[in-house]
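Asks: Please find one structure pasted underneath; my questions will follow.
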Amino acid sequence: MSTLSLITFMPVLGALLILLLSKEKVYLHRFIALLFSGISFITSIALFCSFDRATPGMQFVEKISWIPAMGVQYHVGVDGLSYPLVLLTTLLSLLSIIASFNITNRVKEYFFWFLLLETGMLGVFVSLDFFLFYIFWEVMLVPMYFLIGIWGGPQKEYAAIKFFLYTLFGSVFLLIAILALYFRSEPHTFDILQLTAQNSQFIGKFQYVVFLLSFIGFAIKVPVFPFHTWLPLAHVEAPTAVSVILAGVLLKLGTYGMMRISFPLFPQAALWFAVPLLILAFINIIYGAFVAMAQKDMKKMVAYSSINHMGYALLGMASFTLTGFNGAVLQMINHGIITGSLFLLVGVIYDRTHTRDIHAFGGLGARLPIYTGIMTVAVMASLGLPGLAGFVSEFLCFLGSFTSASQRVVFSSIPAFKFFTALSVIGILITAAFFLRMVQKVFLGKFNEKWAELKDMNFRELIAVIPLTALTLWIGVAPGWLIRMMDSTMSSLIHLITGVK
Amino acid sequence: MIDYAPLIVLLPLAAAVLIFFFGRFLPLRGAFVGILAIFIALLNSLGLLVHCWQNPGFTKELSLTWYQFSTLKTELGFMIDGLSSLMLVIVTLVSFLVQIYSLGYMHEDPRFKRYYSYLSLFTFSMLFLVVSNNFLQIFMGWELVGLSSYLLIGFWFEKDSAASAGRKAFITNKVGDIGFFLGIMCTFFYFKTLNFNEVQMALGGNIISPKICGIIALLLFCGAIGKSAQVPLHIWLPDAMEGPTPVSALIHAATMVAAGVYMVARIYFMFHYGAFSLEVVAWFGMATAFLAATMALVTNDIKRVLAFSTVSQLGYMILAMGVGGRTAGMYHLTTHAFFKALLFLGAGSVIHAVHTNDIQKMGGLSKKMIWTFWSFTFAWVAISGVWPFAGFFSKDAILEEALLSGHTFIFWGALFVAFLTAFYMTRLYILVFLKSPREAHLYAHAQESPTTMVLPLIVLAVLSLISGYLFKDSIHHLVPSLGTISEEAPLVHGPHWFVPAISSLFALSGMALSFLFYFMKVFSAEKVATTFPWIYRILVNKYGFDEFYIQCIVKPADALAGKLAQFDTLFFDQRGVDGIGRFADWLSMAQDWMDRNIIDKLVDLWGTLALKLSLLVKQFQTGLVQNYIFILVLGFGLLVFWQLQLNLNDLLNLF
Chain A
139 MSTLSLITFM PVLGALLILL LSKEKVYLHR FIALLFSGIS FITSIALFCS FDRATPGMQF
199 VEKISWIPAM GVQYHVGVDG LSYPLVLLTT LLSLLSIIAS FNITNRVKEY FFWFLLLETG
259 MLGVFVSLDF FLFYIFWEVM LVPMYFLIGI WGGPQKEYAA IKFFLYTLFG SVFLLIAILA
319 LYFRSEPHTF DILQLTAQNS QFIGKFQYVV FLLSFIGFAI KVPVFPFHTW LPLAHVEAPT
379 AVSVILAGVL LKLGTYGMMR ISFPLFPQAA LWFAVPLLIL AFINIIYGAF VAMAQKDMKK
439 MVAYSSINHM GYALLGMASF TLTGFNGAVL QMINHGIITG SLFLLVGVIY DRTHTRDIHA
499 FGGLGARLPI YTGIMTVAVM ASLGLPGLAG FVSEFLCFLG SFTSASQRVV FSSIPAFKFF
559 TALSVIGILI TAAFFLRMVQ KVFLGKFNEK WAELKDMNFR ELIAVIPLTA LTLWIGVAPG
619 WLIRMMDSTM SSLIHLITGV K
Chain B
39 MIDYAPLIVL LPLAAAVLIF FFGRFLPLRG AFVGILAIFI ALLNSLGLLV HCWQNPGFTK
99 ELSLTWYQFS TLKTELGFMI DGLSSLMLVI VTLVSFLVQI YSLGYMHEDP RFKRYYSYLS
159 LFTFSMLFLV VSNNFLQIFM GWELVGLSSY LLIGFWFEKD SAASAGRKAF ITNKVGDIGF
219 FLGIMCTFFY FKTLNFNEVQ MALGGNIISP KICGIIALLL FCGAIGKSAQ VPLHIWLPDA
279 MEGPTPVSAL IHAATMVAAG VYMVARIYFM FHYGAFSLEV VAWFGMATAF LAATMALVTN
339 DIKRVLAFST VSQLGYMILA MGVGGRTAGM YHLTTHAFFK ALLFLGAGSV IHAVHTNDIQ
399 KMGGLSKKMI WTFWSFTFAW VAISGVWPFA GFFSKDAILE EALLSGHTFI FWGALFVAFL
459 TAFYMTRLYI LVFLKSPREA HLYAHAQESP TTMVLPLIVL AVLSLISGYL FKDSIHHLVP
519 SLGTISEEAP LVHGPHWFVP AISSLFALSG MALSFLFYFM KVFSAEKVAT TFPWIYRILV
579 NKYGFDEFYI QCIVKPADAL AGKLAQFDTL FFDQRGVDGI GRFADWLSMA QDWMDRNIID
639 KLVDLWGTLA LKLSLLVKQF QTGLVQNYIF ILVLGFGLLV FWQLQLNLND LLNLF
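Sequence lines, in order, name chains A and B. Here the working numbering runs 138 ahead of the position in the first sequence, where the first position is 1. Here the working numbering runs 38 ahead of the position in the second sequence, where the first position is 1.
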């Protein structure tokens, strides 16, 4: 078994082990979940030593014939696009599992589903065969359905079924696209790399139609406006750790899919779609920010801010420049880290007070200094303060989009990219406005005596959050190592897309 | 010495981190570390300044690559030249004095340690901004000083007003920063670099038109409008007075708010190239200087008077930049940093003594607070522009620049502002220190502040006196002007004594008039206010800027957000997405109905038919052998008939 397979299947191995244990052994379940996701995490870190950052192509490839009759292979590998996301997934899964140690209801099932989910996510990032890709893509949905539906908030059943149906709806488009590609390619293949190499076969109307099909499939996951309404509900109803995974990893599957599949397979259609994508990014940014500003529920606010932040990544992607692409991938990572910690932190206060209404608090800064400090760092990172991770990626996304080579214009003479990028910058202002308002209402002002008994963060909570805070700072101060990791892959991707013009 | 220059920036950062995490184990609860760090930085900066002083035109750029890939290179740099070394000295010196002063002022505060950590963080951010050699870094420093300002304004965050003021400052600055950010992106788009020197060099090659360059310069200037509190984004600065007074002295008087002026001076070559932008800059400065000075006339909070005064003086500096006086603007920035810091620290000393900000409740403090009184006197004379104090020289330089560049209106406007400044500062001075005390018990408890607070006052008082002289000639070497902006010859030629004489006249008459109003009570201020009630109301309402923003921006934005949120959940999600779900539900019910009533009925129909048929066939099942035999024979006959392939015709033919 190769390293990648080890990383991918370790969690599901743990899940199976948990199934064999009796229901009462709660500590053992937690331990096994921690152990197996820990192994996965450490192995993925260890991979860093042998990961060649100068190679644009796939590394650690493993290719085994699986169903020869259909040409289906077990084909996995990572490159500068997927490897950072694999790292993000293993890290967030591990921290979420630690954060989930306070779950007391049906612990065995919880960790079983959680580990299965982790395998599903990792599988999507490493798969290089469409058949395999689609299996993992669907495998993720089931655990997520149960995790939201059983351990969620008051509207959990509704949220779970909505999430499931909505994403399944997207999967259908994806499935059609995959089948269309399979039958169109000569010889028929599910191999993503092979299809990419032969992308010149996909011409005419076919490539536009299939591009759009795959785009819709992925857009629902991102989510791109107008396919976003499952997100706030699912994020709010899901238990804390699951929200972290939803925001931190699941949303990236959408943008990852676009960069792995939609763009390189249909470069011409992708370039044709640049301006619509730009406008969708703009809507995501402004609309997401405005709706977030109206929220009273902290978790919902963070959820809508995710729509806004994924908009920055889309903006970078729409630019089809190296700056924008690097920014977009970095933004995916940063959003995972920052929003992940925000969800964890909102969970901390919710566990204690059973409310997330920003008006229910006040002056917590005086009583919970550690919590306030860490939350302030996360919020500042989210609103793009220099020195913290968010700034670097937002700057790159904006700069990439602003310097796009596109000649398209709006209103007869204004360059489209400059126009919409300039308007999108306002999103930063709105983000600052609602996050600072939240900070003021919750942490500043007169102390609300109702919470006199409130305790600051405990050890488990700190262990779950501190690594994310540290990473936020680290990437903010020294982003070079992470950018170098993706840069050569992004260069070749840009070359692949714009080379065909 | 130059090799150690980066220490100037790094030491305060190290101090900030050290104090934040380990302050309680350190001497003076961490303050010692902060003061030591800034002291070393100060010595280093002085070294750099002396070096640049002795070597006019000296420029050196230290830089390291932050991160890069093929289309973008970002760097963290340290630019050493006259401009930055002057600014470094101002920042480190004032910061050093303020940190000493705070030992006394913040002595009893439970969050003393955190205060010193934030102060060091601010100093680091400001120095990081000052030394930057590229647009990205200056922007980062820009945002970081904004953060420290946010943290320090809201330092006493239990007070709602302080928390709101911090947020207001941050958001208002962000508005300006949007323009700044766009300007940076435009710069990169046209020049493919963010390095100041490289942009300047590229401009020499005429790669863009002056018009575009001017527009970019104005976008960048938006940042300065926010940070240096120019109209219309000045509204945050008076509110920022909610922070501790030493913070106001350091951040909101001497250093951070001057960052906008510094930035304009730093990238002056862009304004200079797109010269029309300077005209715009000048008018922003003029408007700010005037409006703020008028608002200061009617304010009774000692710190807010000083805040409006700061806004007004910043307008003066921006105005100087706009009329081509890069040197004069930086000159005024330098002298202002000292006397305005002194004014604030003096005010802090007064507040420390009487525990109120209201100047109407003070009076007669000259007798109780000798040191504070005399140092404040120096600052008062300096800001009013009386020879031989610092303000006189720098203000004079600005006025001369305005006159020489042909901005006659701005020249007279600036003179009028100087008159107003002398007037309201004298008012403040009289109400606080002279006359008899108005609140006896406040006066009774007032006493001179501790030595740690008085010493910085004395140092700054000396600087308020001599810094004008000190930089009179050297400033031209440190911050060379980039040449005149207008091609035409100066419109007004006056004798060289003309400007000093007329500016002194305006200053002295302002002071004299104020004495007549508030000291001798020859005229009554109340009477003037009741004679022109509408003017008074406008001034007290601060020209309605705040109200305007709340009504026209904040509320509509909130309403829009509310509407969009409603739209999103109620319409988009519940009607739209769930609607599709419900439609599918309805469809399935319809199909269910169809299934039961049509499809299944069809199936049943066959059954019924079969049943009916069977009923029919049943008739034959009589149980009588005769019948059966009859049918048998009939059937047999038919079979034979068919077997023999006979047809009816054949049958008929038989007969």
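Ideal Cβ positions, reconstructed from N, Cα and C, are used throughout, including at glycine.
Take B/C90 as the anchor and find which of B/I504, B/A54, B/L458 and B/V517 has the nearest alpha-carbon.
Replies: Position 52 of the second sequence, counted from the start, is the residue given in the question as residue 90 of chain B. Selected option, being the one with the closest Cα: B/V517.
Asks: Please report the distance separating the alpha-carbon of B/Y188 from that of B/G204.
Replies: Here residue 188 of chain B corresponds to residue number 150 of the second sequence, with the count starting at 1. Here residue 204 of chain B corresponds to residue number 166 of the second sequence, with the count starting at 1. The straight-line gap from Cα to Cα measures roughly 5 Å.
Asks: From this set, B/A54, B/Q92, B/G61 and B/L66, which residue's C-alpha is nearest B/I76's C-alpha?
Replies: Start at 1 with the first residue of the second sequence, and residue 76 of chain B comes out as number 38. Taking only the C-alpha atoms, the option nearest B/I76 is B/A54.
Asks: Under the rule that 16 or more other beta-carbon atoms within 10 Å means buried, what is A/P149, buried or exposed?
Replies: For the purposes of this step, residue 149 of chain A is identified with residue 11 of the first sequence, where counting begins at 1. Classification of A/P149: buried, given that the 10 Å Cβ count is 16 or more.
Asks: Since B/N211 contacts B/G264 with CB under 8 Å, what's their CB separation in whole angstroms?
Replies: Within the second sequence, residue 211 of chain B is the residue found at index 173, counting from 1. Within the second sequence, residue 264 of chain B is the residue found at index 226, counting from 1. That belief holds up - the Cβ atoms of B/N211 and B/G264 are roughly 4 Å apart, short of 8 Å.
Asks: Interface residues of chain A around B/I209 at Cβ under 8 Å?
Replies: Residue 209 of chain B sits at position 171 when you count from the first residue of the second sequence. In chain order: L567, A570, A571 and L574.
Asks: Is there a Cβ from chain A that is less than 9 Å from the Cβ of B/D596?
Replies: Working through the second sequence from its first residue, we reach residue 596 of chain B at position 558. At least one chain A Cβ lies under 9 Å of B/D596.
Asks: Anything in chain B within Cβ reach of A/A519, meaning under 8 Å, just list it in chain order.
Replies: As a first step, residue 519 of chain A is located in the first sequence; it is residue number 381 there, counting from the start. Ordered by position in chain B, no residue passes the 8 Å Cβ test against A/A519, which lies about 11 Å from the chain.
Asks: Would you report the Cα separation of B/L157 and A/K593, rounded to the nearest angstrom?
Replies: On the second sequence, residue 157 of chain B is found 119 positions in, with the first residue counted as 1. On the first sequence, residue 593 of chain A is found 455 positions in, with the first residue counted as 1. If I take the Cα positions, the gap works out to 29 Å.
Asks: Using only the alpha-carbon positions, how far apart do B/L529 and B/I448 sit?
Replies: Here residue 529 of chain B refers to the residue found at position 491 when the second sequence is read from its first residue. Here residue 448 of chain B refers to the residue found at position 410 when the second sequence is read from its first residue. Its pLDDT being 46, under 50, B/L529 is placed unreliably in this model, and the coordinates cannot settle the point.
Asks: Going by beta-carbon coordinates alone, are B/F431 and B/Y556 separated by less than 9 Å?
Replies: Indexing the second sequence from 1 puts residue 431 of chain B at position 393. Indexing the second sequence from 1 puts residue 556 of chain B at position 518. Taking 9 Å as the Cβ cut-off, B/F431 and B/Y556 do not qualify as a contacting pair.
Asks: Would you say the segment 414–429 of chain A touches the segment 574–589 of chain B, given that touching needs at least three Cβ pairs under 8 Å?
Replies: At 8 Å Cβ cutoff, the stretches do not touch.
Asks: Under 8 Å by Cβ, that's how I've got B/G548 and B/A482 pegged, so tell me the actual separation to the nearest angstrom.
Replies: On the second sequence, residue 548 of chain B is found 510 positions in, with the first residue counted as 1. On the second sequence, residue 482 of chain B is found 444 positions in, with the first residue counted as 1. With 8 Å as the limit, B/G548 and B/A482 do not qualify as a contact, their Cβ atoms being about 33 Å apart.
Asks: If you run the structure through DSSP and keep just helix, strand and coil, what is A/S203?
Replies: Along the first sequence, read from residue 1 onward, the residue named residue 203 of chain A stands at position 65. Three-state DSSP puts A/S203 in a strand.
Asks: Comparing alpha-carbon positions, which option in A/F189, A/A385 and A/S143 lies nearest A/T627?
Replies: As a first step, residue 627 of chain A must be located in the first sequence, where it is residue number 489. It is A/F189.
Asks: Find the nearest neighbour of B/T161 within the set B/W194, B/M125 and B/R465, judged by alpha-carbon distance.
Replies: Stepping through the second sequence from its first residue, residue 161 of chain B is reached at position 123. Of the candidates B/W194, B/M125 and B/R465, the one whose C-alpha sits nearest the C-alpha of B/T161 is B/M125.
Asks: Determine the chain B residues that contact A/S629 at a beta-carbon separation under 7 Å, and present them in chain order.
Replies: Within the first sequence, numbered from 1, the residue matching residue 629 of chain A stands at position 491. S108, listed in chain order.
Asks: So the candidates are B/A599, B/V455 and B/F509; which of them puts its Cα closest to the Cα of B/L329?
Replies: Numbered from its first residue, the second sequence carries residue 329 of chain B at position 291. B/L329 has its Cα closest to that of B/V455, out of B/A599, B/V455 and B/F509.
Asks: To the nearest angstrom, how far is the alpha carbon of B/E526 from that of B/L131?
Replies: On the second sequence, position 488 is the one that residue 526 of chain B refers to. On the second sequence, position 93 is the one that residue 131 of chain B refers to. Unreliable positioning characterises B/E526 in this predicted model, as indicated by a pLDDT of 45, which lies under 50. The coordinate reading is nonetheless provided below. Distance between the alpha carbons of B/E526 and B/L131: 41 Å.
Asks: Nearest CA to the CA of A/V355: which residue from A/I314, A/F250 and A/T378?
Replies: Along the first sequence, read from residue 1 onward, the residue named residue 355 of chain A stands at position 217. According to the sequence displayed, residue 355 of chain A carries Gly and not Val. Ranking the options by Cα distance to A/G355, first place goes to A/I314.
Asks: What does DSSP give as the partner residues of A/H213 in its beta bridges?
Replies: Against the first sequence, residue 213 of chain A aligns to sequence position 75. Answer is A/K201.
Asks: From B/I389 to A/A372, what distance separates their C-alpha atoms?
Replies: Here residue 389 of chain B refers to the residue found at position 351 of the second sequence. Here residue 372 of chain A refers to the residue found at position 234 of the first sequence. Cα to Cα, the separation comes out at about 54 Å.
Asks: Are the beta-carbon atoms of B/M277 and B/A331 separated by less than 9 Å?
Replies: Stepping through the second sequence from its first residue, residue 277 of chain B is reached at position 239. Stepping through the second sequence from its first residue, residue 331 of chain B is reached at position 293. According to the sequence as given, residue 277 of chain B is Asp; it is not Met. Going by C-beta atoms, B/D277 is not nearer than 9 Å to B/A331.
Asks: Could you pull out every residue in the same chain whose Cβ sits closer than 7 Å to the Cβ of B/K580, ignoring the five residues on either side in sequence?
Replies: On the second sequence, residue 580 of chain B is found 542 positions in, with the first residue counted as 1. Excluding residues within five positions, the ones whose Cβ falls inside 7 Å are M333.
Asks: From the DSSP output, read off the bridge partner residues of B/Q485.
Replies: For this step, residue 485 of chain B is matched to residue 447 along the second sequence. In the DSSP output, where bridge partners are listed per residue, B/Q485 has none listed.
Asks: Can you list, in chain order, the residues of its chain with a C-beta nearer than 7 Å to that of A/T541? Leave out the 5 residues immediately preceding and following it.
Replies: For the purposes of this step, residue 541 of chain A is taken as the residue at position 403 of the first sequence. T459 and T461, listed in sequence order.
Asks: What is the rounded straight-line gap between the Cα of B/E113 and the Cα of B/F173?
Replies: Here residue 113 of chain B is taken as the residue at index 75 of the second sequence, counted from 1. Here residue 173 of chain B is taken as the residue at index 135 of the second sequence, counted from 1. Distance between the alpha carbons of B/E113 and B/F173: 10 Å.
Asks: Output, in chain order, the set of chain A residues within a Cβ distance shorter than 9 Å of B/Y42.
Replies: The count along the second sequence starts at 1 and reaches residue 42 of chain B at position 4. Neighbours of B/Y42 on chain A: none; closest Cβ ~22 Å, over 9 Å.
Asks: Distance check for B/I176 and B/F193, CA to CA, integer angstroms please.
Replies: The sequence position of residue 193 of chain B within the second sequence is 155, counting from 1. The sequence position of residue 176 of chain B within the second sequence is 138, counting from 1. Cα-Cα distance, rounded: 25 Å.
Asks: How would you write the range of the beta strand (DSSP E) that B/I289 sits in, first residue to last?
Replies: Counted from its first residue, the second sequence places residue 289 of chain B at position 251. First-last for B/I289: undefined, no H or E at that position.
Asks: Apply the 10 Å Cβ neighbour rule to B/R304 and answer buried if 16 or more other Cβ atoms are within range, or exposed otherwise.
Replies: Numbered from 1 along the second sequence, position 266 holds the residue referred to as residue 304 of chain B. Under this definition B/R304 is a buried residue.
Asks: Taking beta-carbon pairs under 7 Å, can you tell me which members of the segment 416–435 of chain A lie near chain B?
Replies: For the segment 416–435 of chain A, which is checked against every Cβ of chain B, the residues closer than 7 Å are Y425, F428, V429, M431, A432 and Q433.
Asks: Excluding the 5 residues flanking A/A298 on each side, which residues of the same chain have their C-beta closer than 7 Å to its C-beta?
Replies: Residue mapping note: residue 298 of chain A aligns to position 160 of the first sequence, counting from 1. Excluding residues within five positions, the ones whose Cβ falls inside 7 Å are Y283, I286, G287 and G290.
Asks: Compare the C-alpha of A/G215 against each of A/V563, A/L233 and A/P194 and name the closest.
Replies: Here residue 215 of chain A refers to the residue found at position 77 when the first sequence is read from its first residue. Nearest of A/V563, A/L233 and A/P194 to A/G215, Cα basis: A/P194.
Asks: Taking C-alpha atoms, which residue in A/L254, A/V382 and A/F555 lies nearest to A/Q545?
Replies: Mapped onto the first sequence, residue 545 of chain A falls at position 407. Among A/L254, A/V382 and A/F555, the Cα nearest to that of A/Q545 belongs to A/F555.
Asks: State the Cα-Cα distance for the pair B/A499 and B/A428, rounded to the nearest angstrom.
Replies: Looking up residue 499 of chain B in the second sequence gives position 461. Looking up residue 428 of chain B in the second sequence gives position 390. Cα to Cα, the separation comes out at about 10 Å.
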